[in-house]
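Everything on this sheet refers to the single structure shown next.
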Amino acid sequence: MKDIISSIITSVLTALYQPFWFSVILSVMVLFFYLFAYHNETGGRGIRGAFSVWWQYFRGNAFFRKLFFLTFYTTMILFRTLLNRDMWMNPLSDVMENWWIWKYGEDGTRYLTTECIENLMLFIPFTILLFWTAGKKILKKTTFLNIVWTGLKITFVFSLSIELLQLFLRLGTFQVSDLTYNTLGGGIGGAVYWIGHQLSVRRGAE
């Protein structure tokens with residue numbers, strides 16, 4: 001159990017460390033496009049003026065901050081699943097593998113892998129951030145079943161898109177287990193968001 005927890009913590013910290021600054025820079029640039037598309041304050045002010053407006057929005061606009069964190073985490077996911085992957089000659093070599101924490105080598109040696117747990121955890125924060133940012137637009141009802149079901153659907157489509165890109169671009173391997181655990185993570189994220197939403201509603205009522 002200690003080895004499993006240690007492996008998960010190491011993998012999570014590595015996943016956060018490697019793409020951190022890349023994700024920050026890309027998120028800033030993406031939100032510059034957002035400001036350019038929906039607001040006029042960034043035009044004609046030069047680089048310093050544009051960054052000043054960006055920072056003002058970040059400090060004073062809650063939706064802008066939420067959008068930044070959602071973009072940041074989505075970029076982290078894409079870096080881990082697509083952008084930081086080596087080319088594979090046969091991306092269909094392990095379609096039905098990695099369903100559990102133990103993996104066997106060609107010589108029968110058993111070794112620990114926490115891929116399934118990491119894939120489950122990967123989309124929990126994504127779903128929470130997505131609903132936190134755009135829940136009013138995405139969710140028709142704020143019932144438990146609707147939020148969980150919507151989380152499952154969105155993460156299934158997102159994860160399937162990633163798996164298909166891995167297949168066509170030969171970046172990593174297409175695995176049904178990844179798709180399954182990612183989707184379950186989206187459902188869990190939806191449940192966590194519902195709990196947080198209920199707590200915030202009760203605090204508002206008090």
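Residue 100 in full-length UniProt numbering is what sits at position 100 of the sequence shown, and the numbering runs on without skipping anything. For each residue, glycine too, the CB sits at the ideal point set by N, CA and C.
Distance between residue j and residue i (C-alpha atoms, nearest Å)
i, j, result
"T183", "Y34", "28 Å"
"P19", "W194", "29 Å"
"S27", "T143", "31 Å"
"Y38", "F32", "10 Å"
"F64", "F58", "6 Å"
"S52", "T173", "43 Å"
"R170", "R202", "49 Å"
"R48", "W55", "11 Å"
"K136", "G60", "20 Å"
"F36", "G46", "13 Å"
7 Å Cβ cutoff met for residue i and residue j
i, j, result
"G190", "V157", "no"
"G186", "L139", "no"
"Y181", "N84", "no"
"I188", "T81", "no"
"T75", "S159", "no"
"F69", "L129", "yes"
"L67", "T150", "no"
For residue i, the first and last residue of its enclosing alpha helix (DSSP H)
i, result
"L67", "A62 to L78"
"Q166", "F144 to L169"
"residue 208", "The structure shown has nothing for residue 208, since the chain only spans 1 to 206."
"F174", "Counting along the chain, F174 falls outside any alpha helix (DSSP H), and DSSP gives it neither H nor E."
"L26", "F20 to Y38"
Closest by C-alpha distance to residue i, when choosing among the options
i, options, result
"F131", "C116, S161 and T71", "T71"
"D178", "T155, F168 and V192", "T155"
"V192", "T127, K66 and K137", "T127"
"I77", "F168, T14, R170 and R203", "T14"
"P125", "L145, S52, Y73 and I117", "Y73"
"Q198", "Q175, V30, K141 and E115", "K141"
Residue i at chain C interface by Cβ criterion, 7 Å
i, result
"V192", "Absent from the structure: chain C. Only one protein chain is present."
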